[in-house]
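Sequence positions in the sequence shown follow our numbering and run -18 to 290. Right, one structure below, let's go through it.
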Amino acid sequence: MPNPYEPPPPVPRPSGLGTTPRRPWMIPSPARRPLISVVVPTRDSTPQVTRLLDSLVSQDCPGVEVLVNEDVRSRDSVRRVALAFQERGLDVRVLRDNPSRAAGRRRAAAQASGAVVLHLDSDMTASPGLLAECRHLIDSQEFDALVIPEVSVGEGFWGRCKVLEKRCYTGDQKVEALRCLRRELYDRIGGHDEALVWAEDRDLDLRVRATGARVGTTTGVLVHDEGRTTLRGTMRKKARYARTARSYAAKHPRDFAAQASPARLVGLAVRGWRISRDPLLVGGMLLLKSCEFAAVATALLVSGRAPRR
């Protein structure tokens, strides 16, 4: 079975866009290490949060705090899990000020103490050494923000299709969004836009880059557990995200047009075939993506608020 923490194969990246040189790096002296704050919004995902915290407590990186912000509608509670990890030496706090994912990130970050903020999802785990690398790359003044490559894992046929889709995006700066940045920079641009559900991470990425910030890429990765993906579940999720697509399109019309363009399917087909050579898997990926497009278009038409392109 392949190691999920093994970084994806290197992909050529455009020059002049702040990419990280692939070279060994040194950890700064303890006296210079800034505190890094990890922000995690969550809803009814105690098992996933447990795996994430386990990957964080295993990091050889002192000076880390974790803020888990539970959705106000959560039916479970991660407080008991957090207490167990506190006993293992992890500085973790649980908040309950999370009416939406973007709001949960922004409000937790407002209570963070770190000079560096790292935004993670509850269904992710961090590869060994990732936090130390993030802190070093920013503390060394080399970068202001970092993109962290993701390696997806999933169950079932549709899960494998989603994993293939995510592999197609490796190194694509039109899709990958930064997750780690200086606290001062995050505060200066106003943090996440609480009005967005659609591509709230991409919105943050575009606004950070618009400041001229130096954006790099880590060698460490995040493992994203897609779980058991279903066609119906994926379409429902995309339809829910589409409720704020109009707001996103108003802020970033060109980026939204690129996201919503059916031409993306052609690029996915080409990249997917280069990676997999499995016609059933590539076909399933294209069908899954087509259904997502249909779900978004239907949601926009039903709401009567389809953004103009």
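Cβ atoms here follow ideal geometry from the backbone N, Cα and C, with glycine treated the same way. On a predicted model such as this, the values are computed, not experimentally measured, just so you know.
Checklist line | Closest Cα partner of S36 within the set L99, L203, E131, G140 | finding: Here residue 36 corresponds to residue number 55 of the sequence shown, with the count starting at 1. The shortest Cα separation from S36 among L99, L203, E131, G140 belongs to L203.
Item checked: Rounded separation between F274 and R224 - CA only -> To locate residue 274, count along the sequence shown from 1; it is residue 293. To locate residue 224, count along the sequence shown from 1; it is residue 243. Going from the Cα of F274 to the Cα of R224 covers about 14 Å.
Next item on the list: Scan the region 42 to 117 and note each continuous beta strand (DSSP E) run of 3 residues or more that stays entirely inside, going in chain order.
Entry: 45 to 52, 72 to 79, 97 to 100, 105 to 107
Next item on the list: Give the secondary structure of D182 by DSSP, where H, G and I count as helix, E and B as strand, and everything else as coil.
Entry: Position 201 of the sequence shown, counted from the start, is the residue given in the question as residue 182. If DSSP states are grouped into helix, strand and coil, D182 belongs with the helices.
Notebook entry, point to check: According to DSSP, which residues form a beta bridge with D206?
Noted result: Working through the sequence shown from its first residue, we reach residue 206 at position 225. The partner list for D206 (beta bridge, DSSP) reads V134.
Next item on the list: Please confirm if the region 52 to 62 is in contact with the region 74 to 82, defined as three or more CB-CB distances below 8 Å between the two stretches.
Entry: yes
Next item on the list: Put L16 into one of helix, strand or coil per three-state DSSP.
Entry: Against the sequence shown, residue 16 aligns to sequence position 35. The answer is coil: DSSP assigns L16 none of H, G, I, E or B.
Checklist line | Residue nearest to V189 in terms of C-alpha spacing, selected from D168, T199, L268 | finding: Here residue 189 refers to the residue found at position 208 when the sequence shown is read from its first residue. Closest by alpha carbon: D168.
Note to self: When you compare the CB positions of T215 and L269, do they come within less than 8 Å of one another, or not?
What the structure shows: For the purposes of this step, residue 215 is taken as the residue at position 234 of the sequence shown. For the purposes of this step, residue 269 is taken as the residue at position 288 of the sequence shown. Yes. Within cutoff.
Next item on the list: Note down the Cα distance separating P133 from M105, rounded to an integer number of angstroms.
Entry: Position 152 of the sequence shown, counting from 1, holds the residue named residue 133. Position 124 of the sequence shown, counting from 1, holds the residue named residue 105. Contrary to the premise, residue 133 reads as Ser rather than Pro in this sequence. Taking the straight line joining both Cα atoms gives about 9 Å.
Check: What is the rounded straight-line gap between the Cα of A276 and the Cα of M266?
Finding: Within the sequence shown, residue 276 is the residue found at index 295, counting from 1. Within the sequence shown, residue 266 is the residue found at index 285, counting from 1. Going by the C-alpha atoms only, they are around 15 Å apart.
Next item on the list: Could you pull out every unbroken beta strand (DSSP E) segment of at least 3 residues lying fully inside the region 189 to 238, listed in chain order?
Entry: 196 to 198, 203 to 209
Item checked: DSSP three-state assignment for R160, whether helix, strand or coil -> The count along the sequence shown starts at 1 and reaches residue 160 at position 179. Strand at R160.
Checklist line | Length of the line joining the Cα atoms of G44 and R213 | finding: Against the sequence shown, residue 44 aligns to sequence position 63. Against the sequence shown, residue 213 aligns to sequence position 232. Answer to the nearest angstrom: the Cα atoms are 42 Å apart.
Notebook entry, point to check: Cβ of L99 within 8 Å of Cβ of G197?
Noted result: Residue 99 sits at position 118 when you count from the first residue of the sequence shown. Residue 197 sits at position 216 when you count from the first residue of the sequence shown. No, Cβ-Cβ distance for L99 and G197 is not below 8 Å.
Notebook entry, point to check: When the distance is taken between beta carbons, is Q29 closer than 8 Å to S103?
Noted result: Counting from one through the sequence shown, the residue named residue 103 turns up at place 122. Counting from one through the sequence shown, the residue named residue 29 turns up at place 48. Closer than 8 Å, so yes.
Margin query: Mapping the DSSP letters down to three states, classify I170 as helix, strand or coil.
Written below: Counted from its first residue, the sequence shown places residue 170 at position 189. Reduced to three states, the DSSP call for I170 is coil.
Next item on the list: Look at the Cβ atom of P80, then the Cβ atom of V53, and state whether they are nearer than 8 Å.
Entry: Mapped onto the sequence shown, residue 80 falls at position 99. Mapped onto the sequence shown, residue 53 falls at position 72. Yes, they are a contact pair.
Check: Out of curiosity, what's the CA-to-CA distance linking S257 and L64?
Finding: For the purposes of this step, residue 257 is taken as residue 276 along the sequence shown, with counting starting at 1. For the purposes of this step, residue 64 is taken as residue 83 along the sequence shown, with counting starting at 1. Roughly 43 Å separates the two Cα atoms.
Note to self: Quick check on A91: buried or exposed, where buried means 16 or more other Cβ atoms within 10 Å of its Cβ?
What the structure shows: Counted from its first residue, the sequence shown places residue 91 at position 110. Classification of A91: exposed, given that the 10 Å Cβ count is below 16.
Next item on the list: Within the same chain, show all residues whose beta-carbon is closer than 7 Å to that of C142, passing over the 5 residues directly before and after it, in chain order.
Entry: As a first step, residue 142 is located in the sequence shown; it is residue number 161 there, counting from the start. Excluding positions up to five away in sequence, the list reads L262, G265, M266, L269.
Check: Taking three-plus beta-carbon pairs below 8 Å as touching, is the region 176 to 187 in contact with the region 221 to 240?
Finding: yes
Margin query: Please report the distance separating the alpha-carbon of G140 from that of Y150.
Written below: Position 159 of the sequence shown, counted from the start, is the residue given in the question as residue 140. Position 169 of the sequence shown, counted from the start, is the residue given in the question as residue 150. Approximately 16 Å, taken between the alpha carbons.
Checklist line | Three-way DSSP call (helix, strand, coil) for P22 in this model | finding: Residue mapping note: residue 22 aligns to position 41 of the sequence shown, counting from 1. P22: strand per DSSP, three-state reduction.
Check: Going by beta carbon distance, what residues of the same chain come within less than 8 Å of L71, once the five residues before and after it are set aside?
Finding: For this step, residue 71 is matched to residue 90 along the sequence shown. Cβ neighbours of L71 beyond the five flanking positions: L34, L37, V38, V45, V47.
Note to self: Considering only their Cβ atoms, is the gap separating E207 from V144 smaller than 8 Å?
What the structure shows: Within the sequence shown, the letter at position 163 stands for residue 144. Within the sequence shown, the letter at position 226 stands for residue 207. Yes, the Cβ-Cβ distance between V144 and E207 is below 8 Å.
Next item on the list: Kindly list the residues whose CB is nearer than 6 Å to the CB of R24, restricted to its own chain and excluding five residues on each side of it in sequence; keep chain order.
Entry: Position 43 of the sequence shown, counted from the first residue, corresponds to residue 24. Excluding sequence neighbours, R24 sits near D52, S55.
Item checked: Residue range of the unbroken beta strand (DSSP E) whose run includes A126 -> Here residue 126 is taken as the residue at index 145 of the sequence shown, counted from 1. First-last of the beta strand (DSSP E) with A126: 126 to 128.
Margin query: Checking 8 Å against the spacing of the C-beta atoms, do A83 and D174 come in under that value?
Written below: Mapped onto the sequence shown, residue 83 falls at position 102. Mapped onto the sequence shown, residue 174 falls at position 193. Yes, these two residues count as a Cβ contact at 8 Å.
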